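Residue 0 is where the sequence shown starts when you use numbering that gives the first Met the number 0, and the numbers rise one by one after that. Note that the Cβ used here is the ideal one computed from N, Cα and C, for glycine as well. These numbers were taken from a predicted model, which means no experiment stands behind them.
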Amino acid sequence: MRLSPVSRENPDTKILPVFVFDIGGVVIKWRNSGQIYRYIAQRYRLPIHPLTGALAPEVRRLESGDGDADECVERVLAGFGRRLIAGDSGGLLLAQPFKEKARLRKGVVQIITKLRREGYRVYALSNTCLPHLKVMRENGWPHLFDGFFTSCELGAVKPHRDAYLAVLGAVGTEPSQTVFVDDREENVIGAKLAGIRWPIHYTSIERLKQDIERILEVTTHGE
């Protein structure tokens with residue numbers, strides 16, 4: 000991917016875009032929480048669909064920063080007549096599948112690294128819960144970015160407008176100067192509704208490279 004580096008000597012450079020990347024499904028290979036539900040269902044010998052129906056709203060609450068992981072999982076298991084196995088905790092049950100399965104997508108990491116090396120600011124915005132955030136920190140993934148923002152810390156989840164604007168306010172940029180990348184269409188639509196100028200729906204590394212090249216061509220040389 001050819002990038003146009005940030006130049007302080009180019010008077011025609013009007014916009015220096017700021018990049019915001021989703022984590023799960025973009026930067027890391029982790030599509031959804033279904034792997035968590037399957038892990039718990041197998042471990043506790045529970046039917047997957049009823050468990051998912053009970054646990055998914057609790058996970059969503061945790062992603063918004065509301066509630067305690069241990070209490071949420073214990074409450075759901077109790078509804079099925081189950082108690083935690085010795086050594087288990089709610090946080091551990093949520094984190095273990097993520098720890099085992101989530102892996103960096105090297106091609107996207109290379110794009111992020113190159114963007115930063117060329118002088119562009121790159122941030123992360125992830126819908127996630129504290130047990131998963133702990134795994135990300137243990138793996139050092141936040142260090143790939145200039146700043147790392149999560150829904151459980153912001154108290155707002157994508158695609159709600161507040162999630163996007165909280166990040167942009169924190170980093171000191173405008174929606175009109177922002178590129179947002181997410182694999183979920185509803186989050187891309189949410190970014191557009193929040194005023195973000197360049198929302199990108201991630202489908203492949205090659206397509207992402209093309210989209211970024213097109214945006215940087217516009218911001219460097221004009222439309």
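Residue i versus residue j: straight-line alpha-carbon distance, rounded
i      : j      : result
Pro10  : Leu215 : Residue confidence is low: Pro10 scores 41 on pLDDT, short of 50, so the model does not pin down where it sits. Its coordinate-derived value is still stated next. If you take the alpha carbons of Pro10 and Leu215, they lie about 16 Å apart.
Leu167 : Asp67  : 28 Å
Phe147 : Pro141 : 6 Å
Asn126 : Ala165 : 13 Å
Val134 : Ser175 : 33 Å
Gly80  : Tyr201 : 41 Å
Arg82  : Gly154 : 29 Å
Pro96  : Leu15  : 38 Å
Glu117 : Asp182 : 24 Å
Ala169 : Arg44  : 44 Å
Cys128 : Ile195 : 25 Å
Ile111 : Ser203 : 15 Å
Glu152 : Glu73  : 22 Å
Leu192 : Glu137 : 34 Å
Phe179 : Val19  : 5 Å
Val217 : Tyr119 : 15 Å
Burial state of residue i, where buried means 16 or more other Cβ atoms lie within 10 Å
i      : result
Lys157 : buried
Ile84  : exposed
Ile211 : buried
Arg131 : The amino acid at residue 131 is misidentified as Arg; the sequence shows His. Under this definition His131 is a buried residue.
Asn31  : exposed
Ala77  : exposed
Lys189 : For clarity, residue 189 is Gly in the given sequence; the question names Lys instead. The residue in question, Gly189, is buried, as its Cβ has 16 or more Cβ neighbours within 10 Å.
Glu185 : exposed
Residue from the options whose Cα sits closest to the Cα of residue i
i      : options                         : result
Gly89  : Glu70, Ile195 and Ile111        : Glu70
Thr177 : Arg59, Leu124 and Phe79         : Leu124
Arg213 : Tyr201, Trp197 and Thr202       : Trp197
Glu99  : Gly24, Ala55 and Ile35          : Ile35
Val108 : Leu15, Gly23, Thr219 and Gly194 : Gly23
Lys28  : Leu61, Leu103 and Phe18         : Leu103
Gly86  : Tyr163, Val187 and Arg42        : Arg42
Span of the beta strand (DSSP E) around residue i
i      : result
Pro198 : Trp197 to His200
Span of the alpha helix (DSSP H), counted from its first residue to its last, around residue i
i     : result
Gly86 : That residue, Gly86, is in no alpha helix (DSSP H); it is neither H nor E in DSSP.
Val17 : Element bounds for Val17: not the alpha helix (DSSP H) but the beta strand (DSSP E), Val17 to Phe20.
Tyr43 : No alpha helix (DSSP H) holds Tyr43; DSSP gives it neither H nor E.
Gly78 : Ala68 to Gly78
Check: residue i C-beta below 7 Å from any heavy atom of the ligand ADP
i      : result
Val134 : This structure lacks the ligand ADP; in fact it carries no ligand of any kind.
Open item on the list: Threshold first: 3 residues or longer. Then list the beta strand (DSSP E) segments lying entirely within the segment 116–197, N to C.
Closed with: 121–125, 146–149 and 177–181
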